[in-house]
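Numbering (full-length UniProt numbering), first residue to last: 1 to 1090.
Right, here's the structure in full:
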């Protein structure tokens, strides 16, 4: 570069920075805006005709449009002048990602252009003209998509021209360097080196001197535009204004400069609209994009006072943007529409980029939204401590950003005139992203997790000041609310028909916004729905990612482990390709998981969620209790509310306002708590307050308030997870849970009731679901029994008070029987396969397919066996500790026979002749402890030792055997090291049972000819207490029908609903049976005496 040119720039920049004196006087420009110059180019038609030869451009002109790969010294000096301000200004205006766009060969090459030879042999550049050129979408709409992709001058220019040379073109349109200069002069109202420019335009002597080679092939238009704007601003500081900008006082200089830049922005749009086809040529399009970008950047610099001297603008106390914003004179495109319409099916994704505030909410650490985060911070192997440190730094930056976003939204919402548009914007975000609640969603059509979490954080900050006694409980039923739930939304205790019927009766529908609604209500419900559409889908995706990563890693480990078996096989190449593919996926998913850990496992975010859900629990609890102010429609809190005294709640008195709430309000709460306690248990323990605990306990104690039993089961799982048996980091929370008044007085009974009610949930998987739910309940009850005397006493009292405990014991017995049966069958199959594998000769004789099938079945049996034994261990253990202090319910007629049969069968499995079939290798792998199980079964015999148990044991004709009991007694002495007293008590019980067996045999001989009317129709036994079933008219023995009703509350003959209270004693038949038995006894005695 010429040293004189560099000196000109340095002097000008020094004057702009206030370091130099005022420059030479310049002629005053006209105040009137210049008329649009006449079109000098003839636009090509859609039929492909070429433009006139006068508009063609030579090869030298093409080369002059390239950008030099080496940044000019002037550009470096400009950067040095403003580098202290540029990051601040760009961040303030969202321009950090909008660098100046260089006009270069690579950009031109990527467009659909064609190059042909002109008549004089010069190379020309042409653009393919699209058939739908007049689609109505202006080039201005594509400004945001234009980005700089490197520089391409020098050697790249020559390569580009060679690549683009063609001999023909179906449609062409050409521009000359002169036309490009004319465009710049028209846009910026300046004179460069063109004599045709209006005299009123500013004469830029410095820029013209610097760029003497405007027609040369090495000219960089990006620098030309920067120099134009710099010199124009300098001229304006001296008092000379461009055409179209009114001369104002020095105190208004900043306003004038901003007004000039606005005018330039509008003229760029006008240029593109006037010359549509020419503007579509990549060279011109890039020129316009660069002009737009630099106008925006210079506007931000001016607003930061980078170009102002102290003498000129030190007294300005307002932003130059204030006036055009208030007068709504900002050019369209410079200020995007607040709420633009939709352009595609991806409405959720669109709103993140097409709205004013959307881009601010898009800042994200998730790899799916910003891959650069993963590549920069989590690539390669890193120590866990370093990863945590990086994550904490990123979370700190995100928290600062979210706090700033809250200030922005709060400032707009404080103003009553702008509050409604902002609320509509918030509503629109939720409305357009409703698909995020689906289990399977097209991620390209909805906003990303990072955007939604930022949006959620803003609402959480806003909702933190909401007063719950001002939130309308009928909000979701009002027509003027901001949340329109889908028609298929599931309600807590209402069908859609019931909801519509209720709405007709209640006067709660208001058609105009503002009547009875307030910001507290709008903000709170928007935040509630935002949780449903933001963090819960994010949690589900996180869990799917973890699961997929685990499965991939397992597959990689399996392939690597078995490599010696397949490396020489025909499938070796395929397996290596699969292994390489899986390893690559594991690497990518690991980086993605690290980003997700940073974005989702943010303690500040989780804490705010817990704080908001505390308000949700308070709202739901008082709504559930019917504590509502009828005049305001808001919850009515009491200072000292005794919740425990109001339980149990009446199932027939469920408030409609509660029943009509969406089911996801509680489902989301449970899912969030389960997730948070899995990954941040200590944080949850510290932030779960009394509101959350109370509501969860009341919910479990009132399962009739919900149609879906799985809602209650999830809350039960929450209590299971905080149990120290599961993890010890929630010890403090568990102690608060145990000492809660509702927990002490009502929870034991509620858990045992729910234990029986989950027998039928309505789901297709109910049979297997119930075992998991009951396992959770058994762990909670065990903790109550061991750690709290209050709860232990409550359980004992429950066993004496009613039939719920009997049903509970019946279900416990059913589960134990099923689980032990399935577990022992699986153990036998595992033992069989292991024996075959131990015999190598026999194993090798089997075909590959047979061995594969056996191994596959073995793996399945091992998984099932472990699950069954884990569940069975808890049910047997519950039997064990309950039977120590509670005996009567176990020995009731409807239970005792089944209990004895279950004990006898499993004792025979463990001590009989076939017990060796249960022996497997590494039994601890399956949680199989035969000694523990045998010891607990023997304890059950001893705990319940009585005449009733002996009679029940004797009634079991299938499994009771003195040989089995004697074998068990020997194992008690040899293997279990039991005391002599236990051994003697066990043998005495067996002898008593054997005596009853002998007596029963004699009785059966006496009663084998009983009339059919005396025989129970289901069990084929002589009835002792006949009762009438009113639903079918049949007569059964009471103990048998009661046993049936414990599991299935219907008539076994016609499936009509039936309860124990409906049974009618058949006294007449009972007397006949007793009389017949006495006669049979007397006849037997007479025969014996004779």
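The C-beta atom is built at its ideal place from N, Cα and C for all residues, glycine as well.
The beta strand (DSSP E) enclosing residue i, as first and last residue numbers
i: residue 1041; result: Run containing residue 1041: none in the beta strand (DSSP E); it sits in the alpha helix (DSSP H), 1038-1047.
i: residue 1027; result: 1026-1028
Option in the options with minimal Cα separation from residue i
i: residue 367; options: 1001, 565, 617, 588; result: 588
i: residue 1028; options: 987, 1016, 1020; result: 1016
i: residue 600; options: 847, 244, 453; result: 453
i: residue 783; options: 819, 768, 743; result: 743
i: residue 402; options: 364, 392, 253; result: 364
i: residue 432; options: 350, 506, 468; result: 350
i: residue 965; options: 1062, 288, 938; result: 938
i: residue 523; options: 467, 569, 503; result: 467
i: residue 254; options: 233, 271, 494, 900; result: 233
i: residue 593; options: 547, 652, 571; result: 547
i: residue 936; options: 906, 353, 441, 1067; result: 906
i: residue 499; options: 923, 476, 972, 957; result: 476
i: residue 285; options: 958, 806, 180; result: 180
Distance, residue j Cα to residue i Cα
i: residue 461; j: residue 362; result: 18 Å
i: residue 979; j: residue 830; result: 34 Å
i: residue 794; j: residue 750; result: 11 Å
i: residue 243; j: residue 280; result: 28 Å
i: residue 238; j: residue 178; result: 30 Å
i: residue 1083; j: residue 1074; result: 14 Å
i: residue 883; j: residue 982; result: 16 Å
i: residue 492; j: residue 694; result: 19 Å
i: residue 370; j: residue 448; result: 10 Å
i: residue 465; j: residue 504; result: 34 Å
i: residue 397; j: residue 387; result: 15 Å
i: residue 712; j: residue 405; result: 37 Å
i: residue 778; j: residue 785; result: 10 Å
i: residue 1080; j: residue 1007; result: 8 Å
i: residue 1093; j: residue 1070; result: Because the chain here runs from 1 to 1090, residue 1093 falls outside it and cannot be looked at.
Terminal residues of the alpha helix (DSSP H) in which residue i lies
i: residue 244; result: Careful: residue 244 lies outside any alpha helix (DSSP H) and carries neither H nor E.
i: residue 599; result: 572-600
i: residue 749; result: 747-757
i: residue 943; result: 930-943
i: residue 816; result: 804-838
i: residue 1095; result: This structure gives no information on residue 1095, because the portion of the chain shown stretches from 1 to 1090.
i: residue 775; result: 766-787
i: residue 914; result: Unbroken run through residue 914: none, as it is neither H nor E.
i: residue 473; result: Looking at the DSSP string, residue 473 is not in any alpha helix (DSSP H), and its letter there is neither H nor E.
i: residue 865; result: 848-885
i: residue 982; result: 980-1006
i: residue 927; result: Careful: residue 927 lies outside any alpha helix (DSSP H) and carries neither H nor E.
i: residue 965; result: 962-974
i: residue 681; result: 681-687
Proximity test, Cβ basis, 8 Å: residue i and chain B
i: residue 494; result: You won't find chain B in this structure, because it holds only one protein chain.
Own chain, CB closer than 6 Å to residue i, minus 5 neighbours either side, in chain order
i: residue 622; result: 635
i: residue 528; result: none
i: residue 893; result: 1039
i: residue 204; result: 190, 231
i: residue 719; result: 780
i: residue 967; result: 911
i: residue 89; result: Its pLDDT being 36, under 50, residue 89 is placed unreliably by the model, and the measurement read from it follows with that caveat. Contacts found: 300, 301, 304.
i: residue 864; result: 826
Contacting residues, own chain, Cβ-Cβ under 7 Å from residue i (five flanking each side not counted)
i: residue 1018; result: 1036, 1040, 1052
i: residue 298; result: 229, 261
i: residue 930; result: 910, 918
i: residue 585; result: 552
Contact set for residue i: own chain, Cβ-Cβ below 8 Å, skip 5 residues either direction
i: residue 617; result: 669, 691, 692, 694, 695, 696
i: residue 543; result: 675
Q: Report the residue ranges of all alpha helix (DSSP H) runs contained in full by the stretch 345-428; include only those spanning at least 4 residues, in chain order.
A: 347-354, 358-361, 371-377, 384-414
Q | Ordered list of alpha helix (DSSP H) runs contained in the stretch 604-669, each at least 4 residues | A | 656-659
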